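Residue numbers (my numbering), protein chains in the order written: chain A, 52 to 162; chain B, 192 to 234. C-beta atoms are modelled at their ideal positions from N, C-alpha and C, and glycine is treated no differently. Here the structure is a predicted model, which is why all the values come from computation and not from measurement.
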């Protein structure tokens with residue numbers, strides 16, 4: 052999450068809003084966002100509605116969840132989908148930013 | 192378990208953020224790209 056924060060301005064430059072969804076409640080989100088000075092949107096999903104909708108793996112044995120990232124363009128189309136195979140399996144920001152450049156060059160916002 | 196398909200419309204959702212403001216994925220349609228991040232727990 053700190054990596055996303057550190058590169059956040061580069062996402063903003065590319066018209067990418069970062070939206071984090073997790074199973075914690077609003078109080079836990081609020082506490083963590085303040086402690087880490089996170090600038091992006093945080094959505095508590097304690098009933099797993101969105102997590103299930105997007106099929107995030109829930110690993111009961113490890114009592115953890117696998118990370119996932121989806122880059123969605125302005126038309127609402129998923130242009131990059133990454134489901135991690137381990138907790139450390141998170142795409143590099145550079146990779147996502149390069150894809151955002153590609154999306155932006157092929158799709159300009161309507162004036 | 193269902194997964195999101197590449198080059199398909201991402202499923203819309205509406206949930207309040209931790210400040211209580213309703214956020215819908217479709218709010219960003221036509222305006223911004225969105226990086227949706229599902230991470231491990233904070234603890």
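Among 97/A, 89/A and 106/A, the one whose alpha carbon lies nearest that of residue 132/A = As a first step, residue 132/A must be located in the first chain, where it is residue number 81. The residue with the shortest Cα to Cα distance from residue 132/A is 106/A.
Assumed close pair residue 123/A, residue 201/B - CB separation to whole angstroms, cut-off 8 Å = The sequence position of residue 123/A within the first chain is 72, counting from 1. The sequence position of residue 201/B within the second chain is 10, counting from 1. So it is a contact: roughly 5 Å between Cβ atoms.
Three-way DSSP call (helix, strand, coil) for residue 93/A in this model = Here residue 93/A refers to the residue found at position 42 of the first chain. In this structure, residue 93/A counts as strand in the three-state DSSP scheme.
With a Cβ-Cβ cutoff of 9 Å, do residue 79/A and residue 197/B count as a contact?
-> The sequence position of residue 79/A within the first chain is 28, counting from 1. The sequence position of residue 197/B within the second chain is 6, counting from 1. No.
What three-state label does DSSP hand residue 197/B in the structure shown?
-> Numbered from 1 along the second chain, position 6 holds the residue referred to as residue 197/B. Three-state result, residue 197/B: coil.
Shorter than 9 Å from the beta carbon of residue 95/A to some beta carbon of chain B?
-> What you label residue 95/A is simply residue 44 of the first chain in a count that begins at 1. It does: the Cβ of residue 95/A has a partner Cβ on chain B nearer than 9 Å.
From residue 68/A to residue 99/A, what distance separates their C-alpha atoms?
-> As a working mapping, residue 68/A is identified with position 17 in the first chain. As a working mapping, residue 99/A is identified with position 48 in the first chain. Residue 68/A and residue 99/A: Cα-Cα distance of roughly 22 Å.
Verify the CB distance criterion: does residue 78/A have a CB-CB separation below 9 Å to chain B?
-> On the first chain, position 27 is the one that residue 78/A refers to. It does: the Cβ of residue 78/A has a partner Cβ on chain B nearer than 9 Å.
Along the chain, where does the alpha helix (DSSP H) that runs through residue 150/A open and close?
-> Taking the first chain and counting its residues from 1, the one referred to as residue 150/A is at position 99. 144-157 is the span of the alpha helix (DSSP H), which, as asked, contains residue 150/A.
Where DSSP assigns a beta bridge to residue 75/A, which residues make up the other side?
-> In the first chain, the residue the question calls residue 75/A occupies position 24. BP columns for residue 75/A are empty, so no partner.
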